[in-house]
Amino acid sequence: MGYLFAAMAVAWGTLFLYLAYLGQRQAQLSRELTLLQQATRDSAKKEE
Amino acid sequence: MRAYWRQVGWILWKELRAEWRTRQTVTSMAIFAFLVIVVFSFAFDPTRDVTRQVLPGILWIAYLFAAVLGLNRSFMVERFNDSLLGLLSAPMDRSTIYFGKAAANLLFVLLVEALSLPVFLALYDVLPDLRLEELLLVLLLGTLGFVEVGTFLSALSANSRSSELLLPLLLFPVALPVVIASVQLTAVLLAAPAAAGAVAPGWAGLWSLPWLKVLLVYDGVFLLLPFLLFDYVLEV
Amino acid sequence: MHRRLFRWRLAVAAAGALMLLALYFSLVYAPTERTMGQVQRVFYFHLGNAWNAFLAFFLVMVASIGYLKTRSRRWDIYAEALAEVGVVFTTVVLITGSIWGRAAWNTWWTWDPRLTTTLVLWFIYDGYLALRASLENWETRARLSAVYGIVGFVNVPIVFMSIRWWRTIHPVVISLSGMDMDPRMVPAMLASLLAFTLLLGVCTVLRAQISQSADALQSMKDAFRQD
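Protein chains in written order, with the working numbering: chain R, 1 to 48; chain H, 49 to 284; chain U, 285 to 511.
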């Protein structure tokens with residue numbers, strides 16, 4: 001029973017960690033993207 | 049077809065001449081192989097019976113590690129003076145470069161093996177019950193397989209800045225069947241007692257094992273794959 | 285756009301629901317195996333992970349061929365995503381396999397052909413990822429890793445067969461064949477296979493989206509610099 005628990009914990013733990021890691025990377029990229037988009041919009045306004 | 053092989057011959061000739069000028073690769077490989085053998089005899093007491101059982105493994109590890117040294121340089125040397133660009137602009141089929149280089153590497157590694165095999169056999173004292181022709185065939189087929197993949201992956205990793213780190217990482221997992229088959233066959237031939245017991249002497253006994261077939265299939269597959277894929281590796 | 289988002293959410297929801305179903309089938313519905321006991325329940329998830337690993341690496345080869353034929357960035361992104369996700373699944377397989385081995389056979393590792401081939405696969409695709417990491421120009425990276433993606437997978441059957449013969453020459457201590465299948469174990473197996481295949485899809489798409497966002501960011505930055 002202990003081994004079953006350990007194996008399940010490792011399997012799900014690794015998968016969730018990986019998914020969390022992916023989510024974090026995606027979030028950071030989207031943040032940077034919106035920042036840049038805003039910056040372009042602001043500079044476009046200034047030129048008008 | 050004949051023109052194709054003549055072009056392969058030209059590449060081979062160029063490689064041999066370039067090597068002859070410095071003799072650096074073959075010398076370093078030979079000394080390294082010798083060194084590995086000596087280091088192993090400190091790690092495993094060479095007078096014991098146990099050594100007999102690890103002997104085939106030591107032999108192949110020494111040769112394959114030495115081969116990696118040479119393979120690393122195979123395409124790296126073309127980086128200087130834009131030599132690779134020069135080769136690529138020659139009016140030839142790209143795969144001839146691969147076959148020429150692979151043939152040269154095969155000759156280099158075989159030379160290293162020829163130099164160090166007698167020393168090796170003497171150091172470990174396995175001369176009396178040696179089956180030489182069979183051993184030479186196994187060395188040829190095993191080395192051929194390793195060099196085929198090695199030359200191909202050397203061209204692949206030469207594009208990277210850290211190619212010396214990369215090549216062994218890419219090469220050894222892919223070359224695993226060669227390692228297994230060659231070591232098993234060598235174990236039979238050097239009469240490591242446990243392995244040899246079940247096998248009949250002579251070629252028939254050797255052929256009854258799967259290993260010669262593994263080597264032949266592997267050598268065939270990795271002659272075909274580079275032929276199909278090498279153009280992609282050397283695109284500019 | 286909305287339709288794509290809807291389909292994506294549907295896939296995620298289906299994967300989650302199927303996973304719960306698989307958990308139920310394997311932990312509750314399936315009977316306890318006679319000789320191995322409770323530990324055998326890991327098997328269903330172990331199988332799902334292993335199937336995913338092999339499927340992912342097979343698809344890396346497909347995407348690699350696709351890239352070399354079309355030279356489209358999409359194929360390369362998917363090859364990369366599949367390789368990374370495949371390595372994660374392979375890692376899980378190796379660890380759960382080891383724990384299972386300890387519980388069922390009293391050893392952390394056996395040189396069983398399937399186990400050993402999985403280990404070799406792990407090395408090959410680590411090499412694949414290292415190759416990718418070491419090349420900066422994306423077209424070079426895509427082209428060379430595609431070649432390695434094909435070579436690596438074509439080699440798998442040869443690796444498997446040689447390891448198998450190697451093991452039959454040495455004494456084989458342990459075999460899997462002792463396990464008898466109860467019909468109530470079948471739904472657990474099917475559900476987890478299906479759930480894991482969907483999970484592979486979800487992970488791959490997530491990973492591919494990261495590369496797409498990175499590409500978008502890069503092209504925006506490039507445009508910025510030109511202004």
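Every residue, glycine too, gets a C-beta built ideally from N, C-alpha and C. It should be emphasised that the depicted structure is a prediction, and the values quoted were computed from it without experimental measurement.
For a cutoff of 8 Å on Cβ pairs, would you count ARG31/R as touching chain U?
For ARG31/R, the answer is no, since every Cβ of chain U falls outside 8 Å of its Cβ.
With contact counted as at least three CB pairs below 8 Å, one residue from each stretch, are the region 33-43 of chain R and the region 115-130 of chain H in contact?
No: the two stretches stay apart, fewer than three of their Cβ pairs being nearer than 8 Å.
Please identify, using Cβ separations under 8 Å, the residues of the region 431-447 of chain U that lie next to chain H, in order along the chain.
Result list: VAL431, TYR432, ILE434, VAL435, GLY436, VAL438, ASN439, ILE442, VAL443, MET445, SER446 and ILE447.
Collapsed DSSP secondary structure at GLU317/U in the structure displayed:
Note: GLU317/U maps to strand in three-state DSSP.
Could you check what DSSP says for VAL174/H in three-state terms: helix, strand or coil?
VAL174/H: coil per DSSP, three-state reduction.
Between the region 316-331 of chain U and the region 470-479 of chain U, can you find at least three pairs of beta-carbon atoms closer than 8 Å?
Short answer: they touch.
Which residues, in chain order, does the region 398-413 of chain U contribute to contact with chain H at a C-beta distance below 7 Å?
Taken in chain order, the members of the region 398-413 of chain U whose beta-carbon sits within less than 7 Å of a beta-carbon on chain H are VAL404, PHE407, ILE408 and GLY411.
Would you check if there are 3 or more beta carbon pairs closer than 8 Å linking the region 178-189 of chain H to the region 222-241 of chain H?
Yes: at least three Cβ pairs fall under 8 Å.
With three or more C-beta pairs closer than 8 Å as the rule, is the region 376-389 of chain U touching the region 478-494 of chain U?
No contact exists between the region 478-494 of chain U and the region 376-389 of chain U.
Beta carbon of ALA150/H nearer than 8 Å to that of ALA110/H
No, Cβ-Cβ distance for ALA150/H and ALA110/H is not below 8 Å.
Which residues of chain U have a Cβ atom closer than 7 Å to the Cβ of ARG25/R, listed in chain order?
Near ARG25/R (Cβ distances below 7 Å), the residues of chain U are ILE494.
Would you call the region 288-299 of chain U in contact with the region 435-447 of chain U, where contact means no fewer than 3 C-beta pairs closer than 8 Å?
No: fewer than three Cβ pairs fall under 8 Å.
Under a Cβ-count criterion, where at least 16 other Cβ atoms within 10 Å of its own Cβ denotes burial, should PRO166/H be classed as buried or exposed?
It is exposed - the Cβ of PRO166/H has fewer than 16 other Cβ atoms within 10 Å.
Secondary structure of LEU192/H, DSSP reduced to three states
Judged by DSSP in its simplified three-state form, LEU192/H adopts helix.
From the DSSP output, in three-state form, read off ASN421/U for me.
Reduced to three states, the DSSP call for ASN421/U is coil.
Could you check whether the Cβ of PRO455/U sits closer than 8 Å to any Cβ belonging to chain H?
Low per-residue confidence applies at PRO455/U: pLDDT is 49, beneath 50, and the placement is therefore not dependable enough to give any value.
Closer than 7 Å at the beta carbon, the chain U residues around ALA7/R:
Within 7 Å Cβ-Cβ: VAL326, THR380, ILE383 and TRP384.
Which residues in chain U have a C-beta closer than 7 Å to the C-beta of SER210/H? List them in chain order.
Contact of SER210/H with chain U by beta-carbon distance below 7 Å involves SER418.
Taking the alpha-carbon of GLY190/H as reference, which of GLU161/H, GLU212/H, LEU171/H and LEU214/H has the nearest alpha-carbon?
Closest option to GLY190/H, Cα to Cα, is GLU161/H.
Kindly indicate if chain R contains any beta-carbon less than 8 Å away from that of ASN390/U.
No, ASN390/U lies away from the interface with chain R (no Cβ there is under 8 Å from its Cβ).
Comparing alpha-carbon positions, which option in HIS286/U, TYR412/U and GLY300/U lies nearest MET345/U?
Checking every option, the nearest Cα to that of MET345/U belongs to TYR412/U.
Do MET469/U and ALA314/U count as a contact pair if the criterion is CB distance below 8 Å?
Here ALA314/U is near MET469/U, since their CB atoms are less than 8 Å apart.
ALA20/R and VAL376/U closer than 8 Å at C-beta
Cβ atoms of ALA20/R and VAL376/U: not closer than 8 Å.
Sort ARG416/U, GLU420/U and THR380/U by Cα distance to THR402/U and report the nearest one.
Residue THR380/U is the option with its Cα nearest to THR402/U.
If you count every other CB in all the chains shown that lies within 10 Å of the CB of ARG325/U, and 16 or more means buried, which is it?
By the neighbour-count criterion, in which 16 or more other beta carbons inside 10 Å mark a residue as buried, ARG325/U falls on the buried side.
When you compare the CB of VAL269/H with every CB in chain U, is at least one pair closer than 8 Å?
Yes, VAL269/H lies at the interface with chain U (some Cβ there is under 8 Å from its Cβ).
Nearest-angstrom Cα separation, counted from GLU47/R out to PHE407/U
If I take the Cα positions, the gap works out to 55 Å.
Could you have a look at MET140/H and say whether DSSP puts it in helix, strand or coil?
If DSSP states are grouped into helix, strand and coil, MET140/H belongs with coil.
Below-8 Å beta-carbon distance, TYR146/H vs any chain U residue
TYR146/H is outside the set of residues whose beta carbon lies under 8 Å from a beta carbon in chain U.
Measuring CA to CA, which of MET124/H, PHE113/H, SER122/H and PHE88/H is closest to LEU103/H?
Nearest of MET124/H, PHE113/H, SER122/H and PHE88/H to LEU103/H, Cα basis: PHE88/H.
VAL456/U, buried or exposed, once every other Cβ within 10 Å from all chains shown has been counted against 16
Caution applies to VAL456/U, whose pLDDT of 48 falls short of 50 and renders its modelled position unreliable; the value that the coordinates give is listed next. So VAL456/U counts as exposed.
Compare the C-beta of GLN502/U with all C-beta atoms of chain R and state if any pair is closer than 8 Å.
Residue contact check for GLN502/U against chain R: no CB pair falls below 8 Å.
Does the region 137-146 of chain H come within contact of the region 214-225 of chain H, defined as at least 3 CB pairs closer than 8 Å?
Because the criterion of three Cβ pairs below 8 Å is not met, the region 137-146 of chain H and the region 214-225 of chain H do not touch.
Where ARG254/H falls: helix, strand or coil (DSSP)
Here the sequence assigns Leu to residue 254/H, which means Arg is not the residue at that position. Look at LEU254/H here: in three-state DSSP terms it is helix.
With DSSP collapsed to three states, give me the class of ARG179/H.
Correct three-state label for ARG179/H: coil.
8 Å Cβ cutoff, ARG491/U in contact with chain R:
It does; some Cβ of chain R falls within 8 Å.
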